[in-house]
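In full-length UniProt numbering, the protein residues as written are 1 to 1127.
Here you go:
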């Protein structure tokens, strides 16, 4: 069944890739967007047609100038002024058209991209868990679609579509204008369109293939970053920074090679456009014949030739945009595939029964099951279990035996392969899924919290709950005291995945979230595993109260927490091997349950007196969180070169077509002079020169840019690993570094500044008076583009913020998919997304206005520059200061400069994003590290590392830290690893301040095994116990001098804990070992036990010595509290 599903998916992907539709890009448009796109379409057409119309007017001006070189006519000045005024009128019309083009397309692109993100995230949360097991390799892949695919589509709508329409309009308008002006020459020049289009098409095809490969390479590299930054403690403690950076650098090497290939293709494409000079030579030759024998005018010949060249280049540039449409269509199809997919287990489906009277009886009948990702690994073959209504049933057994799978099947995260699951006698697949999940409250082994406030996290259980209900739920879960002790109380941010909270604090918030739901069925998957003894007792009492009158299924490794259960089921190898009450099962001395109980009985003899007093609740806020990944990344490589808007008009060499039209002799009256002038022109030798020059320049710039970009990316990733955790926890998350900074970096490959400088000098040399006037106008255009760039840069920060929020929410929704599904919180997640995008959406409206005004003003200023040049040039010719030849030369040289500026100006969107990315990079690179990992003056610990002193306690062997949740036990581990430095006091190793050691050398001798360990993509395919054992093996393999165990066996079942504990005790021999534990039975053999309370060591000694203090001792109270609850 699974294989057939996979084959079906492959066929669908193949079919969709073949039948990609351009319409899919606009599938998220509404009526308002249609209106905006209609107006934007008219604006783009007007913008494109403006150039051919300008050529029509310019041909008349040139004819007037050409005639004036022999004799000035009486109407010369009037004709010049009239045509210059026509250009000014055209500039006004052009402003309106360009404003509509810039505003409408930018506005609708943001609207559609925002709607796409919302729909995609909604569709992602709609999918069943099996879909992600089969088709999503990592959380980063989902973030890729939310961030990268939405940006590709938005970029296509806002820029590529209007540019394509503009170029196509320019092509059609140019050939229409050419036929109107001189149809004989237009017919001859029409076939040359093929030579002008081929370079663009070839480049477009090559670029599309290379860009896709670059994106894949960046995706592989970004997965390395995402995993490293999300597990930064593990990377630090195992000194894995160098290995991570080396892996990342190796992954980036492929992008450098591909970037060089891209530069090669681009250089050849740009250089191939030199064929326009050969075409121009032929057009000039044939045009001269038309002047001699068909009474054609020189200005008309020039304008038709320019129209043919511009039209052909426009078509080539427009067709090259098809590659972007192909990418956008593919991205839209990927998104559409998820949006249109209706999962078999559909959380949005309103079909199914909703029972009126719910008692809460659950029964598993002959259930067979295997996870979709591991169809050959059978979990259940013939699983049977009945949970009576209102009763509490506990599931115990070895790690990986299938206990958590029972809860997953009951909540319909998966459907069984065989058998059925009944809820009040009705098969659960016949019930409405959302209603079914509303009847259940889940507290999982690894609590999933969202990056919002404590209050909001509790409200995930019940959206319409009042503040009083929130407080009552927090009190019931023993969370109210520590919440109110925090500065912001219930409005305290928990951080990404709850990293601001300790393990016990997170667990109690999760319990409050389940209690506030008042469910008919309570599902507890190791709900108290991360709590200290006192908190566990109080929370267990609260859970026992919550379980009254409702069906409860609880999974526990600590058998003391489930002795009061009505039924205890021992699960082994996918079967219920024993079931009964504690008293019934314990009577069988050879039973599985009895053996499990024996394994958990405390070693040694201590009093079983009930403690006379209980320890007061104590909490201290945890330190700031580590950097975590939120969002994936956007498009890895973007092309900012040849085929931008106005590209065909931006090449100064192409626009310097004639070295002065007068040189062509088109205005001579003597036919022999015309033949002599047109027999050879400098244009004939330009193609080969341009091909070599552009090829070498582009390839060199691209190569330098790729290596520079690679180095910046490496430095940006390396720097978070060399900063101290205090700094990194206050900065942006690792996901921001990855998705915000890195993708915006691209290699520059266009030599525009030398072109501008060269053009200014040439213009001054030919006609300095006219050149000064035209140069004086250029700053206005530059200022216009600069202001547009600055404004767009400031507003792009808001857009990037929205993108980060979208990526963060997508990452959280997918990472915590089971929690979102269990509490039916999809609507709440979407509200959070809507709220995150509300502010940036307002900024996008302003951005659209500035985009329209900036584009309209810059383009109309260029047309006004033409009018000023011809008008003032006519004045100078009339006064005899310059010739028509000098006017033409200066005009072409300086207009080409304006086009270079226009080309750079049209890149303001990318410049804004790039400037923001560069700022982010240097914010990371320039950040000072208070904890230097590579201190050349630091001591190398060598092999003698062992004696550790922290404030007042010393250990050369094994030391255990015990105390309540949040008392500071794990913080001590963080200080030893130098994740943080103490504000005051000193941490010493071998009698020396820990700050004097070389940090990386120190960490090589220290091994950390925490209670939260990620394996693969957060280890979702492994049980908690399996992940923990892998982490323990990793620490043992390091053979460290100092072993740090932070609740290393908390997630293990009794049998596994016994085996692993024995192994750890053997490993601790001869090593300095610090053990953090809530299960006091696991640390009784330690040489020293330190009791931590309110951030201080209140008691210290061996187990026997501390027990000897009697009832006045804190440790004595903790032991007896656990023993009392155990008995």
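Note that the Cβ used here is the ideal one computed from N, Cα and C, for glycine as well.
In the DSSP annotation of this structure, the continuous segment of the alpha helix (DSSP H) that includes residue 458 starts and ends at 454-459.
In this structure, residue 369 sits near residue 409, with a CB-CB distance shorter than 8 Å. Cβ neighbours of residue 94 within its own chain (closer than 8 Å, five residues either side excluded): 46, 47, 50, 856, 859, 860 and 863. In the structure shown, residue 133 falls within a helical segment according to DSSP collapsed to helix, strand and coil.
In the DSSP assignment, residue 509 falls outside any beta strand (DSSP E) and lies within the alpha helix (DSSP H) extending over 503-515. Spatial neighbours of residue 498 in its own chain (CB-CB distance under 6 Å, excluding positions within 5 residues in sequence) are listed in chain order as 449 and 506. One Cα belongs to residue 484, the other to residue 829, and the distance between them is close to 26 Å.
Under the three-pair Cβ rule at 8 Å, the stretch 456-467 counts as touching the stretch 814-828. The beta carbon of residue 809 sits closer than 8 Å to the beta carbons of 121, 829, 832, 833 and 836 from its chain, once the five residues preceding and following it are set aside; these are given in chain order. Scanning 433, 518 and 844 for the CA closest to the CA of residue 343 turns up 433. Minimum Cα-Cα distance from residue 322 among the listed residues 209, 1111 and 97 corresponds to 209. Taking 8 Å as the cut-off, the Cβ atoms of residue 314 and residue 170 count as close. Taking 4 residues as the shortest admissible run, the stretch 268-328 contains the following complete alpha helix (DSSP H) segments, listed from N- to C-terminal end: 275-293 and 298-320. When DSSP states are grouped into helix, strand and coil, residue 341 belongs to the coil group. Annotated as proximal: residue 251 and residue 224, with beta-carbon spacing under 8 Å. In this chain, residue 590 is not harboured by any beta strand (DSSP E), its DSSP state being neither H nor E. Contact between the stretch 293-305 and the stretch 55-62 is present: 3 or more CB-CB pairs across the two stretches fall below 8 Å.
Residue 572: member of the beta strand (DSSP E) spanning 567-572, first to last residue. Taking a C-beta distance under 8 Å as the contact criterion, residue 116 and residue 396 do not qualify as a contact pair. For residue 1116, the CB contacts under 7 Å within the same chain, skipping 5 residues up- and downstream, are 1106, 1107, 1109 and 1110 in chain order.
When the alpha-carbon of residue 283 is set against those of 186, 119 and 556, the nearest one is in 186.
By the Cβ neighbour-count rule, residue 151 is buried, with 16 or more other Cβ atoms within 10 Å of its own. A Cβ-Cβ separation of about 4 Å places residue 104 in contact with residue 36 under the 8 Å criterion. For residue 565, the closest alpha carbon among the candidates 556, 353 and 853 is that of 556. For residue 160, the three-state secondary structure derived from DSSP is helix. Inter-segment contact for the stretch 503-517 and the stretch 439-449 is present: three or more beta-carbon pairs are separated by less than 8 Å. Beyond the five residues adjoining it in sequence on each side, residue 516 comes within less than 7 Å, by CB distance, of 458, 461, 462, 465, 469, 470 and 473 in the same chain, given in chain order. Per DSSP, reduced to three states, the secondary structure at residue 1082 is helical. Scanning its chain for C-beta atoms nearer than 6 Å, with the 5 sequence neighbours on each side dropped, one finds around residue 133 the residues 372 and 373, in chain order. The beta carbon of residue 102 sits closer than 6 Å to the beta carbons of 851, 852 and 855 from its chain, once the five residues preceding and following it are set aside; these are given in chain order.
Looking only at 511, 202, 309 and 303, the smallest Cα-Cα distance to residue 262 is reached by 202. By DSSP's assignment, residue 829 forms no beta bridge with any residue. Taking residue 109 as reference, the option from 350, 585, 1062 and 328 with the minimal CA-CA separation is 328. Contact between residue 156 and residue 325 holds: their C-beta atoms lie close to 6 Å from each other, under 8 Å.
Exclusion of the five residues before and after residue 167 leaves 314, 317 and 318 as the residues of its chain whose Cβ lies within less than 6 Å of its Cβ. For residue 1042, the closest of 1094, 281, 989 and 494 by C-alpha to C-alpha distance is 989.
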